[in-house]
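The opening position of the sequence shown corresponds to residue 2 in the numbering used here, with each subsequent residue numbered one higher.
Every residue, glycine too, gets a C-beta built ideally from N, C-alpha and C.
Note that the structure is predicted; figures quoted are calculated from it, not measured.
Here is the structure we will look at, set down as structure tokens.
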Amino acid sequence: MISAEESFVQDSNGAAAYARSPKSWVPSIPTTLTIFFAIEVGLIAISPDLLNLPLFLLLVGASIPVIAWLFVYWKIYLTVFTTPTREFVDISDERWSELDFAGWGGEHLKAFWLPGSDSSRDLVMYLHGYSSSLGRGESRCQHINSLGFHVIGFDQRGFGRQGRRYDWTLLKAVADAEALLEAAPRKLGFEPSRVFIYGHSMGGFITLRLSSHPSSWWSSKLAGVILESPVSSFPMLIDSKLPGRMVMAKPWVRHVLRREHERIHPDLNVRYANSEVPFWGVPELPFLVIQAGEDETLGLDHYVLLSEHLEITDSNSSMHLIERMPHTSEVDFAERKEIVESWLERMSNLGGKNSSESNPGGRIEIASV
2 MISAEESFVQ DSNGAAAYAR SPKSWVPSIP TTLTIFFAIE VGLIAISPDL LNLPLFLLLV
62 GASIPVIAWL FVYWKIYLTV FTTPTREFVD ISDERWSELD FAGWGGEHLK AFWLPGSDSS
122 RDLVMYLHGY SSSLGRGESR CQHINSLGFH VIGFDQRGFG RQGRRYDWTL LKAVADAEAL
182 LEAAPRKLGF EPSRVFIYGH SMGGFITLRL SSHPSSWWSS KLAGVILESP VSSFPMLIDS
242 KLPGRMVMAK PWVRHVLRRE HERIHPDLNV RYANSEVPFW GVPELPFLVI QAGEDETLGL
302 DHYVLLSEHL EITDSNSSMH LIERMPHTSE VDFAERKEIV ESWLERMSNL GGKNSSESNP
362 GGRIEIASV
């Protein structure tokens with residue numbers, strides 16, 4: 002059980018939004034209208050003769066455009082603010098230890114720890130992608146752990162064992178990840194010497210935010226980040242998820258998204274229009290970007306946008322495009338492992354510090370498979 006003292010409370014310099022959503026016993030306008038039109042349809046089903054009344058027929062006619070608006074509203078809400086269901090893939094390695102922590106709003110969440118070597122105090126937090134789970138990326142965690150690193154991860158809010166969520170937002174997901182880092186020393190029994198964050202897809206977008214807005218004890222311990230086929234723009238992601246005809250109504254869609262975000266997060270500090278790099282955040286520390294060449298989920302648009310804003314200043318940062326590698330974390334490539342292993346070993350040898358020795362311009366590579 003998580004005590005009140007353990008609840009995560011973040012100052013205003015954190016990466017997310019932390020205030021609870023306001024509670025109201027008064028239904029929202031869309032909910033009220035939906036109930037009203039449901040009653041209207043029910044009356045027509047029970048008494049079709051009502052359509053012979055001029056006033057009732059006028060009411061039905063006036064309702065049609067409002068019903069069309071409601072359809073679009075609920076489509077947007079269910080697409081963006083409700084997490085999808087997917088077959089759950091659980092972790093299978095018996096070495097995982099369960100950790101309880103308090104996420105956004107003090108909610109009880111479960112994380113898992115894969116202990117590293119006895120001599121290591123280096124920690125890697127793995128963040129999976131949208132509609133995924135820790136189990137789907139377990140092979141990546143095991144590979145990193147085989148190098149001696151301690152690894153922590155969890156099924157993010159709305160996915161895997163955490164269950165489907167309504168009023169889901171990226172800022173809640175960021176707050177959860179930040180809360181796990183905050184709780185890590187107390188849960189692990191030691192304060193890590195160095196911290197790395199590995200983010201896949203949506204987890205990469207969260208990693209960008211965390212690494213550019215570090216806080217608490219780990220702000221001075223964050224040594225680098227790994228971004229695998231990361232999201233770099235929330236608007237771009239939403240455009241790809243919405244049906245084609247709804248993209249034509251972008252101003253309307255953005256209005257709904259803005260209003261819903263403001264309702265859910267009264268302390269909102271990131272708006273829809275600027276929830277993309279560079280406004281979302283760009284890390285000023287060593288980074289490794291690995292992009293799937295055959296990205297069937299995001300394509301290469303997010304990679305292109307990210308490459309325009311990530312500045313490679315030394316040999317400790319690099320970007321790699323692996324041809325024929327798919328987006329999914331359930332498929333692994335030897336090239337990815339080699340690149341990750343080489344980078345982590347280099348960072349360990351350097352003590353996690355930036356270095357300007359050799360190749361001051363860093364590198365962008367394309368690996369053929």
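According to DSSP, is G204 helix, strand or coil? Helix at G204.
Between the segment 203-221 and the segment 282-290, do at least 3 Cβ pairs fall closer than 8 Å? yes
Just to check my reading of the structure: Y131 and G154 have Cβ atoms closer than 8 Å, yes? What is that Cβ distance to the nearest angstrom? That belief does not hold up - the Cβ atoms of Y131 and G154 are roughly 15 Å apart, past 8 Å.
Near G136, which residues of its chain fall below 6 Å by C-beta distance, leaving aside the five closest residues on each side in sequence? V90, D91, I92
Taking 8 Å as the cut-off, does the segment 311-326 touch the segment 114-129 (at least 3 CB pairs, one atom from each stretch)? no
Return yes when the Cβ of S202 is within less than 9 Å of the Cβ of H328, no when it is not. yes
With Y127 as the anchor, note down where its alpha helix (DSSP H) starts and where it stops. It is not in any alpha helix (DSSP H) - Y127 instead sits in the beta strand (DSSP E) that spans 123-128.
Alpha-carbon to alpha-carbon, L223 and G15: 14 Å
First through last residue of the beta strand (DSSP E) which encompasses F288: 288-295
Between which residues of its own chain and T86 is the CB-CB distance below 7 Å, once the five residues before and five after are set aside? R165
Run the CB neighbour count on K242, radius 10 Å, all protein chains shown included, and call it buried at 16 or more, exposed below. Classification of K242: exposed, given that the 10 Å Cβ count is below 16.
Whole angstroms are fine: how far does the CA of P31 sit from the CA of V42? 16 Å
Can you give me the C-alpha to C-alpha distance between H262 and V81, rounded to a whole angstrom? 11 Å
Which residues in the same chain as L182 place their Cβ atom closer than 6 Å to its Cβ, once the five residues preceding and following it in sequence are excluded? W219
Quick one: is A180 buried, meaning 16 or more other Cβ sit within 10 Å of its Cβ, or exposed? buried
Spatial neighbours of S330 within its chain, please: CB distance less than 7 Å, with the 5 preceding and 5 following residues excluded, ordered by chain position. H129, G130, S133, R137, G138, R141, H201
With a cut-off of 8 Å on the beta carbons, I'd call D168 and I265 a contact; round off their distance for me. Sure, about 5 Å apart at Cβ, within 8 Å.
Could you compute how far the alpha carbon of N350 sits from the alpha carbon of F288? 15 Å
What does the Cβ neighbour count give for P66, buried or exposed, with the cut at 16 atoms within 10 Å? exposed
Close-in-space but distant-in-sequence residues of the same chain around S230 (CB under 6 Å, 5 per side omitted): S202, Q292, A293, D296, H328
Buried or exposed for N146, going by 16 or more other Cβ atoms inside 10 Å? Answer is buried; the Cβ neighbour count reaches 16.
Is H328 helix, strand or coil by DSSP? Here DSSP, grouped into helix, strand and coil, assigns H328 to coil.
Could you tell me the alpha carbon to alpha carbon distance between D302 and E277, rounded to whole angstroms? 12 Å
In this structure, how does DSSP classify Y19 when only helix, strand and coil are distinguished? coil
State the Cα-Cα distance for the pair I68 and R260, rounded to the nearest angstrom. 19 Å
Do L189 and L307 count as a contact pair if the criterion is CB distance below 9 Å? no
Report the three-state DSSP secondary structure of Y78 (helix, strand or coil). helix
Give the secondary structure of F102 by DSSP, where H, G and I count as helix, E and B as strand, and everything else as coil. strand
Residue range of the unbroken alpha helix (DSSP H) whose run includes I47: Counting along the chain, the alpha helix (DSSP H) containing I47 begins and ends at 30-47.
Just curious, the alpha helix (DSSP H) that W344 is in, first and last residue? 335-350
For G107, the nearest candidate out of A174, Y273, H214, T298 (CA to CA): A174
Using only the alpha-carbon positions, how far apart do Y19 and R337 sit? Roughly 35 Å separates the two Cα atoms.
Counted within 10 angstroms of its Cβ, other Cβ atoms place V437 as buried (16 or more) or exposed: In the structure as shown, the chain starts at 2 and stops at 370, and residue 437 therefore has no counterpart that could be examined.
Would you call the CB atoms of P116 and H144 closer than 9 Å? no
For W97, which of helix, strand or coil comes out of DSSP? coil
Start-to-end residues for the beta strand (DSSP E) that takes in F191: No beta strand (DSSP E) holds F191; DSSP gives it neither H nor E.
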